[in-house]
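There are 2 protein chains.
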Amino acid sequence: MTIKIKRKIDTNIVIHGDCEDVLKNYPNDCIDLIVTSPPYADARKNQYGGIHPNNYAKWFLPKSEQFLRVLKPTGTFILNIKERVLEGQRHTYVLDLIIKLREQGWLWTEEFIWHKKNCYPGKWPNRFRDSWERCLQFNKSKSFAMYQEAVMVPMGNWAESRLKKLSETDKVRDESKVGSGFGKNISNWLNRKMAYPTNVLHFATECSNKSHCAAFPLDVPEWFIKLFTKDNNVVLDPFLGSGTTAVAAINLNRQYVGIEKNEDYYLISQNRLDEFTRQGKLKWKT
Amino acid sequence: MTIKIKRKIDTNIVIHGDCEDVLKNYPNDCIDLIVTSPPYADARKNQYGGIHPNNYAKWFLPKSEQFLRVLKPTGTFILNIKERVLEGQRHTYVLDLIIKLREQGWLWTEEFIWHKKNCYPGKWPNRFRDSWERCLQFNKSKSFAMYQEAVMVPMGNWAESRLKKLSETDKVRDESKVGSGFGKNISNWLNRKMAYPTNVLHFATECSNKSHCAAFPLDVPEWFIKLFTKDNNVVLDPFLGSGTTAVAAINLNRQYVGIEKNEDYYLISQNRLDEFTRQGKLKWKT
DNA sequence: GTTCCGCATGAATCGATAG
DNA sequence: ACTATCGATTCATGCGGAA
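So the protein lines, in turn, are chains A and B. Positions in the first sequence are counted from 1; adding 26 to them yields the working numbering. Positions in the second sequence are counted from 1; adding 26 to them yields the working numbering.
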């Protein structure tokens with residue numbers, strides 16, 4: 027079967043199929059951002075056939091090859107993943123995957139930490155609760171789009187008092203050029219109430235809705251969509267799951283393309299997005 | 027030169043030398059915990075000869091082979107490290123090192139995240155500030171010693187003091203987040219007495235003292251020493267630096283062995299520990 | 001004794017310029 | 001082309017002195 031490659035892709039749709047196959051019919055350089063939380067190794071065994079950790083990179087790489095092709099040169103690929111414990115150890119399949127993705131042509135730009143403020147309870151004799159996940163940032167080129175202002179956070183109010191009176195420190199440091207001099211441009215700080223965030227994200231996991239307890243909460247895709255796209259850009263989630271990325275995209279006035287292989291999840295996300303549309307783009311909580 | 031291998035090792039000393047050479051004269055299975063923050067690749071070029079990222083594992087593995095030998099079967103090895111940016115990318119030498127340490131015989135039990143609450147400032151067009159480091163846990167066997175109760179946080183006290191000392195930044199940021207904030211969790215804590223921590227550690231870097239500005243603050247080694255050792259156990263830091271691990275060990279009534287190759291750092295830690303002893307084991311800040 | 005406020009400084013990174 | 005140096009950017013924390 028030969029499917030003609032379209033120049034203009036359809037957006038705001040959920041596609042039922044394997045992302046590798048589906049994306050082969052997509053043109054190059056048509057996606058602004060890929061945000062996804064793929065099935066973790068050995069997890070969701072029923073739905074995805076249970077990829078064994080040892081085979082994870084082998085399973086993933088043909089798909090990421092398509093991601094690399096359909097992503098725009100200025101685009102970004104965010105991979106939310108965390109290795110599990112196998113026989114008392116953290117498995118190295120994620121590390122292996124990072125190394126192989128670089129060999130595939132991706133730039134490994136950054137590793138964000140998603141700190142899960144309310145992680146699952148539990149107790150083990152030789153291990154504490156796991157309250158973080160990796161959000162790996164990959165790019166096609168060094169000059170990718172990034173809109174830092176969109177994710178600024180409220181700043182501590184120390185700046186106000188500092189600005190009341192230009193401190194001697196700033197002047198001295200400026201003059202003496204000790205180390206990495208501070209206080210060069212005090213004027214930049216005037217009227218500033220917001221600060222840039224760091225590469226550690228503090229989001230709580232939300233599980234209020236039973237039917238689709240999200241793999242990641244709305245906050246996570248929203249944060250990355252705000253940071254790496256503008257209005258009307260196209261966001262792809264090749265492992266859509268229950269549709270969280272699509273909801274985040276709609277909330278932020280971006281276009282989405284969702285792909286989901288598993289029929290149950292496909293139907294869930296379909297329903298969720300239908301319901302969402304019926305409600306007229308009301309803000310949706312997870 | 028042949029040095030006779032002693033059965034009983036000297037403790038509470040700082041040794042000037044390369045840890046690989048020094049440890050070759052140590053017997054097997056004599057150390058309860060190794061906590062260290064080695065020189066990062068390409069950092070401290072003057073002191074350590076500037077290990078290039080590409081050669082990092084090669085440089086490290088002969089040393090870790092000795093660590094593996096001198097560590098007790100129930101012991102733990104904590105490696106604090108973080109890769110830097112090279113040509114716009116995170117380098118993979120740490121990932122490579124983890125994989126190779128496993129091949130060397132170590133079990134990679136856990137990866138703790140040290141969230142640095144006050145990270146270095148700065149602004150770049152394509153990157154946020156780096157506010158976390160890896161604390162990698164390696165073991166010789168699955169049945170290692172772990173004293174979880176030692177790092178439990180009293181719920182009531184913790185909540186109170188946390189609330190009292192809650193920084194303005196935390197308040198402002200948490201208030202701005204509906205549902206995922208601090209207030210939600212407080213109610214849960216009030217009903218409990220003690221809580222186990224997670225694998226995300228929140229410590230600030232302290233550098234108020236100029237003369238011996240520690241690579242990591244006292245909090246980090248203290249936390250791991252409490253978690254993985256008992257009174258009088260032996261803690262080794264093969265890259266002692268300014269001596270922070272030794273100070274932490276003394277504070278907690280553990281024995282220490284510190285090794286430092288660089289003469290300047292060796293002298294600094296010597297002075298620091300001498301001064302500490304003269305003061306009669308008073309609690310020492312950084 | 002508290003509380004408040006000013007101050008120093010930190011495992012940084014990027015891009016331009018110079019050798 | 002490739003490396004080395006330099007300037008610019010910028011936020012949270014704990015300490016110490018002052019109120």
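Ideal Cβ positions, reconstructed from N, Cα and C, are used throughout, including at glycine.
Report task. Would you kindly work out how many angstroms separate the C-alpha atoms of B/R116 and A/I124, rounded to a whole number? Result -> The alpha-carbon atoms of B/R116 and A/I124 are separated by roughly 11 Å.
Query raised in the report: Is A/G267 near A/L299, with beta carbons less than 8 Å apart?
Result: No, Cβ-Cβ distance for A/G267 and A/L299 is not below 8 Å.
Requested in this report: Measuring alpha carbon to alpha carbon, tell me which of B/N288, B/F265, B/P247 and B/Y292 ends up nearest B/N277.
Outcome: Considering only B/N288, B/F265, B/P247 and B/Y292, the residue with the shortest C-alpha distance to B/N277 is B/P247.
Report task. Taking B/Q281 as part of the beta strand (DSSP E), name the residues at either end of that continuous run. Result -> Counting along the chain, the beta strand (DSSP E) containing B/Q281 begins and ends at Q281 to E286.
Report task. Helix, strand or coil for A/K98, going by three-state DSSP, please let me know. Result -> Strand at A/K98.
Query - Neighbour-count burial assignment, A/Q305, 16 or more Cβ in a 10 Å radius - result: Counting other Cβ atoms within 10 Å of its Cβ, A/Q305 stays below 16 and is therefore classed as exposed.
Report task. Using a Cβ-Cβ cut-off of less than 7 Å, give me the residues of the segment 153-164 of chain A that come near chain B, in sequence order. Result -> Those would be R153, F154, R155, D156, S157 and W158, in chain order.
Report task. Please classify B/L262: does DSSP put it in a helix, a strand, or coil? Result -> If DSSP states are grouped into helix, strand and coil, B/L262 belongs with the strands.
**Report entry** 8 Å Cβ cut-off: residues of chain B touching A/L222
**Finding:** It should be pointed out that residue 222 of chain A corresponds to Tyr in this sequence rather than to Leu. Neighbours of A/Y222 on chain B, chain order: K149, F154 and R155.
Requested in this report: On the DSSP bridge assignment, give the partners of A/H42 in chain order.
Outcome: BP columns for A/H42 point to A/E286.
Query raised in the report: Using 8 Å as the threshold, is the segment 80-95 of chain A in touch with the segment 130-148 of chain A, meaning 3 or more CB pairs across them?
Result: The segment 80-95 of chain A, when compared against the segment 130-148 of chain A, does touch it at the 8 Å Cβ threshold.
Query raised in the report: If the cut is a Cβ gap below 9 Å, which residues of chain B does A/W134 touch?
Result: Identification of chain B residues near A/W134 by a Cβ-Cβ cut-off of 9 Å yields Q115, R116, H117 and T118, ordered along the chain.
**Report entry** Range covered by the alpha helix (DSSP H) that runs through A/Q130
**Finding:** Residues Y119 to Q130.
Report task. Residues of the segment 261-277 of chain A with a CB closer than 8 Å to any CB of chain B: list them in chain order, please. Result -> Listed in sequence order: no entries.
Query raised in the report: What residues are listed by DSSP as bridge partners for B/N165?
Result: Among the bridge pairs identified by DSSP, B/N165 is matched with B/T102 and B/L133.
Query raised in the report: Taking one C-beta from the segment 108-122 of chain B and one from the segment 99-117 of chain A each time, how about it: are there three or more such pairs within less than 8 Å?
Result: Judged by Cβ distances under 8 Å, the segment 108-122 of chain B makes no contact with the segment 99-117 of chain A, as fewer than three pairs qualify.
Query raised in the report: According to the Cβ coordinates, are B/V283 and B/T62 closer than 8 Å?
Result: The answer is no: Cβ separation not under 8 Å.
**Report entry** Rounded Cβ spacing between A/K126 and A/L87 (contact assumed at less than 8 Å)
**Finding:** Beta-carbon to beta-carbon, A/K126 and A/L87 are separated by about 6 Å, close enough to satisfy the 8 Å threshold.
**Report entry** Where A/R153 sits in the DSSP three-state scheme
**Finding:** Residue state, collapsed to three classes: strand.
Query - Contact list for A/C145 against chain B, beta-carbon separation under 7 Å - result: Simply T224.
Report task. Would you give the residue range spanned by the beta strand (DSSP E) that B/F229 belongs to? Result -> Start and end: V226 to F229.
Query - Extent of the continuous beta strand (DSSP E) run through B/V61 - result: Looking at the DSSP string, the run of the beta strand (DSSP E) that includes B/V61 is I57 to T62.
**Report entry** At least 3 beta-carbon pairs within less than 8 Å: the segment 215-229 of chain A vs the segment 143-156 of chain B
**Finding:** When C-beta atoms of the segment 215-229 of chain A are compared with those of the segment 143-156 of chain B, three or more pairs fall below 8 Å, so the two segments count as touching.
Query raised in the report: Residues bridged to B/V179 by DSSP?
Result: B/V179 is bridged to B/A221.
Query raised in the report: So what does A/R116 bridge to, in DSSP terms?
Result: Residue pairing by DSSP places A/R116 opposite A/V111 in a beta bridge.
Requested in this report: Answer with buried or exposed for B/W150, where buried requires no fewer than 16 other C-beta atoms within 10 angstroms of its C-beta.
Outcome: When all chains shown are included, B/W150 counts as exposed.
**Report entry** Proximity to A/C145 [Cα-Cα], best of A/V40, A/F242 and A/Y173
**Finding:** Distances from the CA of A/C145 to each of A/V40, A/F242 and A/Y173 were compared; the closest alpha carbon is that of A/F242.
Query raised in the report: Apart from the five residues just before and just after A/V177, which ones in its own chain have a Cβ nearer than 7 Å to its Cβ?
Result: P223, W249, K252 and L253.
Query raised in the report: Comparing the C-beta of B/R199 with each C-beta of chain A, is any distance below 8 Å?
Result: Taking CB atoms only, B/R199 has a neighbour in chain A less than 8 Å away.
Requested in this report: Kindly indicate if chain B contains any beta-carbon less than 8 Å away from that of A/L87.
Outcome: Closer than 8 Å: no.
Requested in this report: Note down, in chain order, every chain A residue with its Cβ under 7 Å from the Cβ of B/I251.
Outcome: Residues of chain A whose Cβ lies closer than 7 Å to the Cβ of B/I251 do not exist, since the nearest Cβ in that chain is about 16 Å away.
**Report entry** Residue burial classification, A/G101 (beta-carbon count within 10 angstroms, cutoff 16)
**Finding:** By the Cβ-count criterion, A/G101 is buried, with 16 or more other Cβ atoms from all chains shown falling within 10 Å of its own Cβ.
Query raised in the report: Would DSSP call B/I35 helix, strand or coil?
Result: DSSP places B/I35 in coil when its eight states are reduced to three.
Query raised in the report: Terminal residues of the continuous alpha helix (DSSP H) containing B/P247?
Result: That run of the alpha helix (DSSP H) goes D245 to F254.
Query - With 16 other Cβ atoms within 10 Å as the buried cut-off, status of B/V111 - result: For B/V111, the number of other beta carbons within 10 angstroms of its own is below 16, and it is reported as exposed.
Report task. With 8 Å as the threshold, decide whether the Cβ of A/P99 is near any Cβ in chain B. Result -> Any Cβ of chain B closer than 8 Å to the Cβ of A/P99 would place that residue at the interface, and such an atom is absent.
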